[in-house]
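Residue numbers (our numbering): 1 to 303.
Here it is, written out as structure tokens:
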């Protein structure tokens, strides 16, 4: 594994205990998968967090902004060799916190829109390989496997980055595509900024270049490029094989702006902020664009 990635991991492991002190967050993404659910099959160098409370938007934005500042303050006070840097959005809210040591840095990112979980979060200890190789330990809230892989699958369909496809490959080799994970996928599918049709049947990207430039050196064992393409094909097959007619009808009803929530199979799905935001945006689509988009979704769902 590359020295650069390992340097970033060392920074990340120094930061995680600060995050673990705040029970309002659940760790998600590649770091949660590879350091808490797996025994470090690959390195992960980002800290992606779910804000667990389902507060109103105004309170949430305020609290998240304050928590970013609190993380930076605690890190600066107790680890003077680490340098926090805020990244702001167009409204001057903190959208990301980067922690530098020299030229290396780790990103801390809290999703402002996709808040709360379907299956909750649980306390988990970091894996044995991290403890042994990096002499580091932390116990912290991590989102459930349904939420974790629901988000990861949507990321894999969106970005098609080798690291996401690698995580999906290991899912198929271990837990498999379970009903819980399928529900998590549905939740993140209707929470995503992309149109549903672009995720259920995305344009397939060539990942050869990014495999060599951004993935080689991240894994303990060398993973052939062909394995990642196969994982992508397998993922699309799993999704479509598990999208029953009632779930397809639900997705189409949502796209029409009149969702049949009972068909989702997820209790209270309509109360989640990201789902409400998706519906608001769908209802803003002009009629001239709505019908072609709806027809495209029906075609991609074969419904």
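The beta carbon of each residue, even a glycine, is placed where N, CA and C say it ideally should be.
Is it true that the CB of residue j sits closer than 8 Å to the CB of residue i?
i: residue 62; j: residue 97; result: no
i: residue 250; j: residue 263; result: yes
i: residue 110; j: residue 49; result: yes
i: residue 317; j: residue 152; result: The shown model of the chain, from 1 to 303, leaves out residue 317, and the question about it has no answer.
i: residue 298; j: residue 252; result: yes
i: residue 14; j: residue 83; result: no
i: residue 12; j: residue 273; result: no
i: residue 9; j: residue 45; result: yes
i: residue 301; j: residue 200; result: yes
i: residue 166; j: residue 42; result: yes
i: residue 36; j: residue 107; result: no
i: residue 217; j: residue 40; result: no
i: residue 277; j: residue 270; result: no
i: residue 186; j: residue 266; result: yes
i: residue 68; j: residue 115; result: no
i: residue 179; j: residue 211; result: no
i: residue 202; j: residue 157; result: yes
Where do the N-terminal and C-terminal ends of the beta strand (DSSP E) with residue i fall, by residue?
i: residue 202; result: Careful: residue 202 lies outside any beta strand (DSSP E) and carries neither H nor E.
i: residue 122; result: 121-125
i: residue 188; result: That residue, residue 188, is in no beta strand (DSSP E); its alpha helix (DSSP H) goes 179-189.
i: residue 270; result: No beta strand (DSSP E) holds residue 270; DSSP gives it neither H nor E.
i: residue 168; result: That residue, residue 168, is in no beta strand (DSSP E); its alpha helix (DSSP H) goes 162-173.
Note the first and the last residue of the continuous alpha helix (DSSP H) segment covering residue i.
i: residue 146; result: 145-159
i: residue 233; result: 225-242
i: residue 14; result: 3-20
i: residue 76; result: 57-78
i: residue 290; result: 287-301
i: residue 249; result: 245-255
Would you identify the three-state DSSP class for residue i, choosing helix, strand or coil?
i: residue 49; result: strand
i: residue 42; result: strand
i: residue 111; result: coil
i: residue 93; result: coil
i: residue 31; result: helix
i: residue 132; result: helix
i: residue 194; result: coil
i: residue 210; result: helix
Have a look at the DSSP bridge pairing and note the partners of residue i.
i: residue 26; result: 50
i: residue 99; result: 84, 106
i: residue 140; result: 124
i: residue 219; result: 42
For the 8 Å Cβ check, are there 3 or more pairs between the segment 143-150 and the segment 113-123?
yes
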